[in-house]
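Novice:
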Amino acid sequence: MRHVLPRSQVQNFKIPKMEIMGSGHSICPGCGISLSLRYALKGLGRKTILVVPACCCSNADGSLLYTAANVPVFYAAYGTAAFAVSGIRAALDFQGKTDVQVVLWAADSNNRNFEFWTMNGADRREENFICVCCDDQAAIKARFPKSDFRGGLVEIMAARGISYAATASVAYPDDFIDKFHKAKRINGTRLIHIHLPCPPLWKISANLSIQMARLAVQTRLFPLYEVENGEKYTVNVIPDRGFPVEEFLRPQGRFQHLTNMQTEVIQKDVERNWKSLLNRAAE
Amino acid sequence: MTQKTEQSRSPSEPYSSPHAQVPERHASGPNTPFQHPEPYFNDKTSPCNMGCPAGEDIVEAIYLTAEGRFQEAWELILQENPFPGVCGRVCPHPCESECNRRELDGAICIHAVERFLADYGRSIPRSRPKSRPQRSKQVAIVGSGPAGLSCAYHLALMGYGATVFEALPKAGGMLRVGIPRYRLPRAVLDQEIADIRALGVEIRTNTLVGRDITLDQLRGFDALFIATGFHRGQKMDVPGEEARGVFSGLEILKRVSLGEKIRIGEQVAVIGGGNTAVHVARCLLRLGCRPTILYRRSRGEMTAIDKEINGAQEEGIEIICLAALTQILVRGGWAKGVEFVKMRLSRPDESGRRRQVPKKGSNFWLKVDGVVSAIEELADIEFLPDDIKSESQGILVERGCFTSRKGVFAGGDVATGRATVAHAIGSGNKAALAIERYLKGEDFFSIPESLGTDQILPRKADSGVVRFNDLNPVYFKKELPVPLRARPVKTRVKGFKEVYSGYKAEEIVTEAQRCFSCGVCNMCDNCLIFCPCIAISRRRGKFGYKIDVTSCDGCGICVQECPRDALSFRKVP
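Laid out in structure tokens, this is it:
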């Protein structure tokens with residue numbers, strides 16, 4: 001009986017049907033990089049140039065002469081991506097192609113440390129580009145990750161007063177795409193901090209990666225929010241009920257050693273962060 | 001490039017890669033020579049479909065209703081069940097007790113959807129189901145209840161001639177004389193029986209097999225189906241039972257249904273805890289009597305449908321539980337009072353059930369003008385010859401419907417024991433399948449045991465039943481079911497108008513959209529949205545998705561994130 005297309009789709013997410021990214025990349029099963037690149041391109045459109053430093057993302061758009069991203073990709077060396085972005089932006093502006101977005105696409109949090117200062121410099125120069133940091137939490141100290149769960153990157157850049165800074169998660173594709181869509185329409189340096197599930201690093205099975213990314217938001221470890229001009233805070237997803245952080249930490253092999261006391265400390269830290277975030281959003 | 005990868009997966013020509021020695025855990029991406037389990041769309045059986053004794057394809061009908069395709073949904077139900085209007089009203093809906101949504105916020109009101117679809121179907125110009133070309137074989141059916149008529153319906157659709165013999169002046173069996181009009185308006189029943197007649201089924205009323213016609217006279221037919229039901233009231237075995245003013249529950253219901261007069265006093269004691277007892281009490285209330293239901297066991301053990309018991313209590317009918325009848329007081333040939341003894345529950349016996357033990361000295365009297373015995377009914381099978389084996393409970397059958405005489409089948413309550421209208425319809429369906437096989441000359445043992453399923457049409461679905469744990473509950477939010485709307489007590493006890501009112505189309509569409517669609521894809525796009533390999537795409541202009549297995553890296557996110565468990569993994573050979 002189900003031979004004709006449904007008239008009213010019972011969809012959980014309203015996202016654009018346009019598919020820019022194709023299949024054929026070479027990332028690990030269950031990784032969030034290709035999903036985030038796919039959602040980002042849905043939000044940004046075809047007029048986009050990606051600048052990718054040496055990181056996991058270098059695999060995300062395929063190998064050799066083929067690209068799965070279906071938009072121009074520029075591979076930059078370690079720690080030079082922001083300079084490359086500045087150059088490409090300047091060339092485009094010179095040609096009058098102001099509608100083309102240049103995106104610095106950096107994955108894994110080691111890269112976050114390397115690219116951070118160059119990105120700061122670009123911000124000082126008031127460059128017009130989108131900086132994406134796919135954070136797989138690789139730099140989290142496995143022994144006791146309390147401090148590392150604080151969403152540092154967005155806060156630092158918001159304190160510098162950049163035009164748009166936001167967090168996004170692959171488990172919430174509609175919110176993800178909305179943020180890229182919004183970032184596209186703003187001028188200046190924009191930062192999007194993506195929480196990226198990494199099954200080999202987190203020691204989870206590949207099929208659970210979306211579920212874990214969702215739990216990170218539901219436990220409020222990684223709140224989804226945005227900051228405009230360093231002032232206007234908006235919390236985009238408020239979980240119906242806060243799950244205990246335990247639900248996010250326990251299934252992961254990398255946190256098996258945590259004692260109950262340590263998870264309690266993390267829980268308190270998360271609650272404090274969440275409260276202060278809500279306060280800032282209410283201001 | 002795609003071609004190359006396809007070659008690499010072909011089993012006949014193994015792809016030799018320089019990286020063939022890489023351990024399997026590093027394998028990923030389309031270029032890998034390693035094989036991983038691959039996802040595929042695999043519709044499974046939803047619990048409601050499994051729970052329906054009549055074999056309806058409920059999940060599909062609800063999907064069509066949610067889409068607003070009411071006529072298709074109605075026709076889909078008619079493929080298995082000729083009585084959607086009846087079942088939407090009187091079936092105790094075992095489908096709803098199986099519904100997975102119960103675990104979240106309450107089952108889908110499947111009966112409301114069915115009732116709406118039947119009402120909708122009555123309101124549109126009907127397109128009759130297409131029957132297959134006529135065949136010469138003729139089948140006789142004894143009893144025009146739900147089992148007999150659904151068997152006749154399916155045989156007629158298959159092209160066989162069916163003749164139904166009914167002892168009462170009107171067809172419908174228990175639906176007509178056992179279920180009062182306030183629950184099942186006669187217009188609904190008449191319409192659905194007329195639809196069966198329109199297929200060419202002949203119904204001979206006022207023909208009691210055994211009196212007006214003997215079973216041997218039916219030998220001219222190629223097959224015989226017996227579905228006479230339970231129409232004989234049981235004796236209560238108490239002194240004073242023979243007095244005037246003592247009725248059997250079925251007799252009261254029959255007279256009320258057929259519009260005959262009953263002479264019964266004002267204060268009436270109704271003995272029993274089944275549907276008959278509740279029906280009798282509510283009918284008598286509508287006739288101006290003051291009935292009291294007295295039941296031997298506890299309230300929880302009453303076999304009547306909960307909704308009906310609650311309805312009776314709303315209407316002010318007193319139910320006294322744990323009271324056993326000991327004798328009927330007779331004055332001048334008339335029943336004038338009843339004596340009861342209070343019962344108490346003893347410790348559970350080996351079977352785990354608590355037995356009732358009479359409390360000594362707890363006897364009490366009720367002054368009554370009439371007594372109705374509505375305890376269990378029995379099968380009336382005295383007309384059967386000896387070679388059709390039977391016992392006091394009914395006819396003995398093998399594989400659901402085969403009796404001990406060749407060519408004679410039995411179904412409905414008389415063969416399956418006391419059950420509901422849906423069970424009777426399912427039994428009729430099953431018998432129709434068996435009779436068709438028999439008439440085609442197939443051997444008894446060629447008939448598969450899987451004939452135990454009640455459905456007439458085969459379905460493309462895995463037989464595994466999807467339970468709540470198999471679903472991904474993250475994607476379902478709480479939404480309350482459509483409320484049941486009863487007419488106010490004051491007006492409804494004044495006549496036999498239907499107690500529960502119908503539903504609006506918008507309500508039913510909203511209700512149908514609550515359905516989880518357990519195990520059956522409804523194109524919610526989740527797998528497509530979350531596929532990291534972009535291996536899943538919509539089929540152009542058709543329902544469903546296709547999976548490009550050469551791009552798939554076997555991560556399993558689609559299987560995990562499917563809200564309704566419509567995807568499965570399989571090992572690549």
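In the order they appear, the protein sequences are chains A and B. For the first sequence, our numbering begins at 1 and goes up steadily by one. For the second sequence, our numbering begins at 1 and goes up steadily by one. We put the CB at the ideal spot given by N, CA and C, even for glycine.
1) Against L224 of chain A, what residues of chain B qualify as contacts under a CB-to-CB distance less than 9 Å, listed in chain order?
2) So if DSSP puts R355 of chain B in a beta bridge, which residue, or which two residues, is it bridged to?
3) Check whether the Cβ atoms of D136 of chain A and D175 of chain A lie closer than 7 Å to each other.
4) On the three-pair Cβ rule with 8 Å, is the region 490-507 of chain B touching the region 536-543 of chain B?
5) Following the continuous beta strand (DSSP E) through H193 of chain A, name the residue where it begins and the one where it ends.
6) Counting only beta-carbon separations shorter than 7 Å, does F530 of chain B have a partner in chain A?
7) Counting only beta-carbon separations shorter than 7 Å, does V22 of chain B have a partner in chain A?
8) So R38 of chain A contacts chain B; which residues on that side make the cut at Cβ distance below 7 Å?
9) Does the beta carbon of T522 of chain B sit closer than 7 Å to a beta carbon anywhere in chain A?
10) Shortest alpha-carbon distance to V330 of chain B belongs to which of B:T510, B:P37 and B:L366?
11) Report the residues of the region 8-36 of chain A with a CB closer than 9 Å to any CB of chain B, ordered along the chain.
12) Thinking C-alpha only, which one of B:E251, B:S404, B:P82 and B:G311 is nearest D195 of chain B?
13) Measuring only between beta-carbons, confirm whether L5 of chain A sits less than 7 Å from chain B.
14) Could you spell out where the beta strand (DSSP E) holding P348 of chain B opens and where it closes?
15) Applying the 10 Å Cβ sphere with the 16-neighbour rule, what's the burial state of Q560 of chain B?
16) For Y295 of chain B, does the count of other Cβ atoms within 10 angstroms reach 16, so buried, or fall short, so exposed?
17) Taking the CB atoms as reference points, tell me whether G159 of chain B and R135 of chain B lie closer together than 7 Å.
18) With DSSP as the reference, label T326 of chain B as helix, strand or coil.
19) Excluding five sequence neighbours on each side, which residues of the same chain lie with their C-beta closer than 8 Å to the C-beta of C146 of chain B?
20) With distances taken between CB atoms, is the gap from I58 of chain B to C95 of chain B smaller than 7 Å?
21) Answer yes if the region 465-477 of chain B comes into contact with the region 502-518 of chain B, meaning at least three C-beta pairs across the two stretches below 8 Å, and no otherwise.
22) Just how far apart, CA to CA, sit E350 of chain B and L201 of chain A?
23) 7 Å is my cut-off, CB to CB: does E565 of chain B come that close to chain A?
24) Pair every Cβ in the region 209-218 of chain A with every Cβ in the region 42-49 of chain A, then say whether three or more of these pairs are closer than 8 Å.
25) Which class does F364 of chain B belong to by DSSP, given the choice of helix, strand or coil?
26) Do Y582 of chain B and A112 of chain B have their C-beta atoms within less than 7 Å of each other?
27) Which residue comes first and which comes last in the beta strand (DSSP E) that contains Q267 of chain B?
28) Taking a cut of 8 Å between CB atoms, which residues from the region 235-258 of chain A lie near chain B?
29) To the nearest angstrom, report how far apart P37 of chain B and P532 of chain B are at their CA atoms.
30) Just the C-alpha distance for K571 of chain B and E264 of chain A, rounded to the nearest angstrom, thanks.
31) Identify the residues that DSSP records as bridge partners of I203 of chain B: which are they?
32) Take Q327 of chain B and list the residues in its own chain whose beta-carbon comes closer than 8 Å to its own, dropping the five residues that flank it on each side.
33) Going by Cα to Cα distance, which pick from B:E72, B:S150, B:A223 and B:P125 is closest to K406 of chain B?
34) Excluding five sequence neighbours on each side, which residues of the same chain lie with their C-beta closer than 7 Å to the C-beta of I88 of chain A?
35) Using beta carbons (cut-off 7 Å, strictly below), is F105 of chain B in contact with chain A?
36) Please return the same chain residues whose Cβ sits closer than 8 Å to the Cβ of R514 of chain B, not counting the five positions on each side in sequence.
Specialist: Well, looking at it:
1) Near L224 of chain A there are no residues of chain B at all, since even the closest Cβ is about 16 Å away, more than 9 Å.
2) None, per the DSSP bridge assignment.
3) No, they are not a contact pair.
4) No: the two stretches stay apart, fewer than three of their Cβ pairs being nearer than 8 Å.
5) Secondary structure note for H193 of chain A: its beta strand (DSSP E) is the uninterrupted segment R190 to H195.
6) At least one chain A Cβ lies under 7 Å of F530 of chain B.
7) Its pLDDT being 38, under 50, V22 of chain B is placed unreliably by the model, and nothing is read from it.
8) Contact annotation for R38 of chain A against chain B: I534 [CB-CB distance below 7 Å, chain order].
9) This sequence places Asn at residue 522 of chain B; Thr is not what is there. The Cβ of N522 of chain B sits closer than 7 Å to at least one Cβ of chain A.
10) Residue B:L366 is the option with its Cα nearest to V330 of chain B.
11) Cβ contacts with chain B: S8, Q9, V10, Q11, N12, F13, I15, K17, E19, M21, G22, S23, G24, H25, S26, I27, C28, P29, G30, C31, G32, I33, S34 and L35.
12) When the alpha-carbon of D195 of chain B is set against those of B:E251, B:S404, B:P82 and B:G311, the nearest one is in B:P82.
13) Chain B, which has a Cβ nearer than 7 Å to the Cβ of L5 of chain A, makes this yes.
14) In the DSSP assignment, P348 of chain B falls within the beta strand (DSSP E) that extends over W334 to P348.
15) By the neighbour-count criterion, in which a residue is buried when 16 or more other Cβ atoms sit within 10 angstroms of its Cβ, Q560 of chain B is buried.
16) With a 10 Å radius around the Cβ and a threshold of 16 neighbouring Cβ atoms, Y295 of chain B comes out buried.
17) When the beta-carbon positions are compared, G159 of chain B and R135 of chain B come within less than 7 Å of each other.
18) Of the three classes helix, strand and coil, the one that applies to T326 of chain B here is strand, per DSSP.
19) According to the sequence shown, residue 146 of chain B is Pro rather than Cys. For P146 of chain B, the CB contacts under 8 Å within the same chain, skipping 5 residues up- and downstream, are F83, V86, G173, M174, L175, G412, V421, A424, I425 and G428 in chain order.
20) Contact flag set, yes.
21) Yes, they touch.
22) Near 56 Å, if we compare the C-alpha coordinates of L201 of chain A and E350 of chain B.
23) Contrary to the premise, residue 565 of chain B reads as Asp rather than Glu in this sequence. Not one chain A Cβ lies under 7 Å of D565 of chain B.
24) The region 209-218 of chain A is not in contact with the region 42-49 of chain A.
25) Strand, per DSSP.
26) Examination of residue 582 of chain B is not possible in this model, given that chain B is present from 1 through 573 alone.
27) Q267 to I271 is the extent of the beta strand (DSSP E) around Q267 of chain B.
28) Cβ contacts with chain B come from no residue of the region 235-258 of chain A.
29) CA-CA distance, P37 of chain B to P532 of chain B, rounds to 16 Å.
30) Rounded to the nearest angstrom, the gap between the Cα atoms of K571 of chain B and E264 of chain A is 42 Å.
31) Paired residue(s): B:V164.
32) V238, P239, G240, V338 and E339, listed in sequence order.
33) Looking at the Cα atoms, B:A223 is the closest of the given residues.
34) Taken in chain order, the residues that qualify are I49, V51, F74 and V102.
35) For the record, residue 105 of chain B in the displayed sequence is Asp; it is not Phe. The beta carbon of D105 of chain B does not come within 7 Å of any beta carbon belonging to chain A, so the residue lies off that interface.
36) Excluding sequence neighbours, R514 of chain B sits near R101, I108, E479 and P481.
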